Amino acid sequence: MDSRHRYIGLLGIAVGRLVGRFRRGEGKQLAVSVLGVAIAIMLMVTVGGVALGLASQSAIQGDNVDYWIVPEDRTASSIAVSVDGPQLGGTHDITAELNTNPQIDYATPVLLRVVQLRAPASDTSEYIIVAGVVPDGGDREVLGVSTGALTPGDPFYANGTYDGRWTGEIVASEPAAELLSAEVGDSLTMPRQDSNRSLHVENISTGSYNTGAGPLPIVVLHQSELQAITGATDGDPADQILVSTKSSDVRPELESLYPQSTVVSKGGFAEQSVSTSSLPVAVALTAVLTAVVVGTLFVATMMGLELHADRQRLAVLSAIGYRMRSQAFLVVAETFILTGIGTFVGVGLGLTGIAATNALATRYLGVQSVAIFDPVLVLTAGAVAVVIAAAASIYPVWLTRRTDVLEVLG
Amino acid sequence: MAQAAQPPSDQPPVVTCRDVTRQYIRGSKSKFANQPRPTVTALDSVSVDICPGEFVGIAGPSGSGKSTLLHLLAGLDTPTDGDVTLAGTSTIGLSEQRRARLRLEHVGIVFQHFYLLPSISARANVALPLVEYGIGRSTRREKATALLDQVGLEDRTTHKPGELSGGEQQRVAIARALVTDPEVLIADEPTGELDTETGEQIINALSASSSDRAVVVASHDERVLERTDRVIRLHDGRLVSDG
Numbered sequence: 015m016d017s018r019h020r021y022i023g024l025l026g027i028a029v030g031r032l033v034g035r036f037r038r039g040e041g042k043q044l045a046v047s048v049l050g051v052a053i054a055i056m057l058m059v060t061v062g063g064v065a066l067g068l069a070s071q072s073a074i075q076g077d078n079v080d081y082w083i084v085p086e087d088r089t090a091s092s093i094a095v096s097v098d099g100p101q102l103g104g105t106h107d108i109t110a111e112l113n114t115n116p117q118i119d120y121a122t123p124v125l126l127r128v129v130q131l132r133a134p135a136s137d138t139s140e141y142i143i144v145a146g147v148v149p150d151g152g153d154r155e156v157l158g159v160s161t162g163a164l165t166p167g168d169p170f171y172a173n174g175t176y177d178g179r180w181t182g183e184i185v186a187s188e189p190a191a192e193l194l195s196a197e198v199g200d201s202l203t204m205p206r207q208d209s210n211r212s213l214h215v216e217n218i219s220t221g222s223y224n225t226g227a228g229p230l231p232i233v234v235l236h237q238s239e240l241q242a243i244t245g246a247t248d249g250d251p252a253d254q255i256l257v258s259t260k261s262s263d264v265r266p267e268l269e270s271l272y273p274q275s276t277v278v279s280k281g282g283f284a285e286q287s288v289s290t291s292s293l294p295v296a297v298a299l300t301a302v303l304t305a306v307v308v309g310t311l312f313v314a315t316m317m318g319l320e321l322h323a324d325r326q327r328l329a330v331l332s333a334i335g336y337r338m339r340s341q342a343f344l345v346v347a348e349t350f351i352l353t354g355i356g357t358f359v360g361v362g363l364g365l366t367g368i369a370a371t372n373a374l375a376t377r378y379l380g381v382q383s384v385a386i387f388d389p390v391l392v393l394t395a396g397a398v399a400v401v402i403a404a405a406a407s408i409y410p411v412w413l414t415r416r417t418d419v420l421e422v423l424g
Numbered sequence: 023m024a025q026a027a028q029p030p031s032d033q034p035p036v037v038t039c040r041d042v043t044r045q046y047i048r049g050s051k052s053k054f055a056n057q058p059r060p061t062v063t064a065l066d067s068v069s070v071d072i073c074p075g076e077f078v079g080i081a082g083p084s085g086s087g088k089s090t091l092l093h094l095l096a097g098l099d100t101p102t103d104g105d106v107t108l109a110g111t112s113t114i115g116l117s118e119q120r121r122a123r124l125r126l127e128h129v130g131i132v133f134q135h136f137y138l139l140p141s142i143s144a145r146a147n148v149a150l151p152l153v154e155y156g157i158g159r160s161t162r163r164e165k166a167t168a169l170l171d172q173v174g175l176e177d178r179t180t181h182k183p184g185e186l187s188g189g190e191q192q193r194v195a196i197a198r199a200l201v202t203d204p205e206v207l208i209a210d211e212p213t214g215e216l217d218t219e220t221g222e223q224i225i226n227a228l229s230a231s232s233s234d235r236a237v238v239v240a241s242h243d244e245r246v247l248e249r250t251d252r253v254i255r256l257h258d259g260r261l262v263s264d265g
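Chains as they are written, first to last, in my numbering: chain A, 15 to 424; chain B, 23 to 265.
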């Protein structure tokens, strides 16, 4: 007697029975088990893809930025998605002062607002993230968008009088230009702002700013013009100040600028990025737990019903001398096979779900990739499938032990 | 108490029942713990010995205890009182695990309703006990094919049970019961679902297999009982005659 032959043979019986049930059209409960696992795994893969998308987000930054000055209860990375809350004041004067420091290459305030822009040429209106900055004429990038095409300085600010020359210049990121169907030279209006001023597209930047929601539609313009458009001229507010420097000696000066602010360095920013990853981790964990619970309940219930309908088979096997261990192995093998099929289907559906999510995000939100696929999702799905099958096997094995041969065959 | 009939052969009995009583508790557990639950005596102090080479019939009206006795002889059940010895091993106090092993190694069972697994072929059905034995695939196929050949189904090896007639299914069930070469073959109303001609074929097959093992058949059918060497008659759970 050989245990290996026994278990291979039992596996063959399990496969033969499942195939036979499906072929004879008697596999309704089995199909529901597969479907249940497939749905659970699909949701897990899709939501996991979104979580990975969130985890891959980068925060507001410029290539040459070494320090971020942000209000105390904010993080540098939260600003891109939250435009209300504590702000920094007197930012033109502060940055002008910083720019006189020979140790500082460049400093600019950044004001972020979501503004509805309309492109009359294409008759398209969309909400766009608008960043107000004070460019220095160099090829700087803020939020991935080059500021090189903007007139250096901030002419409209005019020492806080807001009656200087209105440039109306904007640089749009590619996603913003696509969303508005705008090209270089096109004029843009602001239908929801009480303003008759207009903007025009000076340049379309090929750079992009990615968050978990993918490349965002962003335009960059002069800070004072954004302040004027949004009625935020009181106190000369900004959400943060970006500072590019090669010297760490400036940090004490930066920290002394605002009493209730935080100065974040590049290294510290990396740490903050890690801390902000708790959301995607929570999302991913929730997806995994939901998949395990839903999958287990589906499979356990359906296998229980299946066994009840097919208990004659177990009774026959018991009558001809199959030990309980062998019967349990059969049931567990069938559960694992069904869960495996469901997982395979679920991963396929999950990939479709990721593609569909991104397509919907592009269509309705104007972002290109909310969710991303990573092979780790397949590995996770496999691990979740093993947990589902193992947990779901408990109930049918218990039912198997309760099968009374004489009651069934007697 | 009925006396056990003398075995007709010189060999020691392969199955022995001594003063076997089997009672079943009727109904669900009472709400009142002290209230005794009614019992039904299905078998009352029955003693029989069955030897190798015997073709034994068990007869009696419905409810006489035929099936109960068969289940005890097969090791599917254990008596409330008395002792059943199967291939030298008492089934009293044996775990279900041990009794399953005993059945696998020493007993072949044929049911009235065949009870073949519908999803797998006739050959795979015959080979089922060999899987539990841990025998390799090629040997299983070889043995199962030989048994199907023996019962005249050499051209039906790959057919599923649903593609076979009732008589053919019962012959597959007999082949399955014989594939481990058991010392005892037990059949419960094996012709109950078959027409006369097919029933005759089944009895011939069972009779042929009794040359080197004990065959015990429970049946209402006198034509079946006429073919046996000995008939054990039961009535109301008691042994009426044995001979």
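By construction, the Cβ of each residue, glycine as well, lies at the ideal position given by its N, Cα and C atoms.
Since the structure is predicted, the reported quantities are computational estimates derived from the model, not experimental observations.
(request) Less than 8 Å between the CB atoms is what I'm expecting for V313 (chain A) and V411 (chain A), so what's the real figure, rounded? (result) Their Cβ separation, rounded to whole angstroms, is 13 Å, which puts V313 (chain A) and V411 (chain A) out of contact at 8 Å.
(message) Taking contact to mean 3 or more Cβ pairs, one atom from each stretch, closer than 8 Å, check whether the region 298-309 of chain A and the region 136-156 of chain A are in contact.
(response) no
(request) Count the other C-beta atoms from every protein chain shown that fall within 10 angstroms of the C-beta of I310 (chain B), then say buried if there are 16 or more, exposed otherwise. (result) Coverage of chain B is limited to positions 23 through 265, which leaves residue 310 (chain B) absent and any answer about it impossible.
(message) Measuring alpha carbon to alpha carbon, tell me which residue in A:I386, A:V306, A:F170 is nearest P294 (chain A).
(response) A:I386
(message) I'd like to know whether the C-beta atoms of Q43 (chain A) and L331 (chain A) end up nearer to each other than 8 Å.
(response) no
(request) Let me know the secondary structure DSSP gives H242 (chain B) once reduced to three states. (result) coil
(request) Ignoring anything shorter than 4 residues or poking outside the region 218-259 of chain A, list the alpha helix (DSSP H) runs there in chain order. (result) 237-244
(request) Please compile the residues from chain A whose C-beta is within a distance smaller than 7 Å of the C-beta of A146 (chain B). (result) G30
(message) Less than 8 Å between the beta carbons of L131 (chain A) and I142 (chain A), yes or no?
(response) yes
(request) Could you give the DSSP three-state label for S84 (chain B): helix, strand or coil? (result) coil
(request) Between the Cα of I255 (chain A) and those of A:A242, A:G199, A:S279, spot the shortest distance and give me the residue it belongs to. (result) A:S279
(request) May I ask which residues mark the beginning and end of the alpha helix (DSSP H) holding T371 (chain A)? (result) 338-374
(message) Under DSSP, the alpha helix (DSSP H) around V426 (chain A) begins and ends at which residues?
(response) The structure shown does not extend to residue 426 (chain A), since chain A spans only 15 to 424, so no value can be given for it.
(message) With H, G and I counted as helix, E and B as strand and the rest as coil, what does DSSP make of H19 (chain A)?
(response) helix
(message) Is the separation between the beta-carbon of P151 (chain B) and that of L126 (chain B) shorter than 8 Å?
(response) yes
(message) Could you compute how far the alpha carbon of E205 (chain B) sits from the alpha carbon of V390 (chain A)?
(response) 57 Å
(request) Check each residue of the region 73-102 of chain B: if its Cβ is closer than 7 Å to any Cβ of chain A, include it; give the result in chain order. (result) S89, H93, L98, D99
(message) Against V419 (chain A), what residues of chain B qualify as contacts under a CB-to-CB distance less than 8 Å, listed in chain order?
(response) L98
(request) With 9 Å as the limit, tell me which residues of the region 318-338 of chain A have their beta carbon closer than that to any beta carbon of chain B; keep them in chain order. (result) Q326, R327, A329, V330, L331, S332, A333, I334, G335, Y336, R337, M338
(message) Counting only C-beta atoms, is I355 (chain A) closer than 8 Å to chain B at any point?
(response) no
(message) Let me make sure I understand the geometry here. Which of A:A403, A:Y272, A:V51, A:N113 has the alpha-carbon closest to that of G362 (chain A)?
(response) A:V51
(request) My understanding is that D250 (chain A) touches G146 (chain A), with C-beta atoms under 8 Å, so please give their C-beta distance in whole angstroms. (result) Rounded, the Cβ-Cβ distance is 11 Å, inconsistent with contact.
(request) Mind listing the chain A neighbours of I131 (chain B)? Cutoff is C-beta to C-beta under 8 Å, in chain order. (result) A333, I334
(message) Which of the three DSSP states is assigned to F77 (chain B) in this structure?
(response) strand
(request) For T109 (chain A), name the three-state secondary structure that DSSP assigns. (result) helix
(message) For a contact defined as C-beta to C-beta under 8 Å, what are the partners of I142 (chain B) on chain A?
(response) I27, G30, R31, G34
(message) Looking at the strands, I want to know which residues DSSP matches up with I142 (chain B).
(response) BP columns for I142 (chain B) are empty, so no partner.
(message) On the criterion of 16 or more Cβ atoms from any shown chain inside 10 Å, does E197 (chain A) qualify as buried, or is it exposed?
(response) exposed
(request) Mind reading off the beta-carbon distance from G156 (chain B) to R20 (chain A)? Whole number of angstroms is fine, and I expect it under 8 Å. (result) 4 Å
(message) Checking the sheet assignment: what are the DSSP bridge partners for E155 (chain A)?
(response) A:S160
(request) Would you mind sorting N440 (chain A) into buried or exposed? The rule is 16 or more other CB atoms within 10 Å of its CB. (result) The structure shown has nothing for residue 440 (chain A), since chain A only spans 15 to 424.
(message) Going by C-alpha to C-alpha distance, which of B:G188, B:V253, B:I114 sits closest to I224 (chain B)?
(response) B:G188
(request) Identify whether S195 (chain A) lies in helix, strand or coil by the three-state DSSP scheme. (result) coil
(request) Determine, using beta carbons only, whether V148 (chain A) and A186 (chain A) come nearer to each other than 8 Å. (result) no
(message) Give me the chain A residues within the contact set of Q119 (chain B), using Cβ-Cβ distance strictly less than 7 Å, ordered along the chain.
(response) R337, M338
(request) Assess, as a yes-or-no matter, whether the region 91-104 of chain B is touched by the region 33-45 of chain B under the definition of 3 or more beta carbon pairs within less than 8 Å. (result) yes
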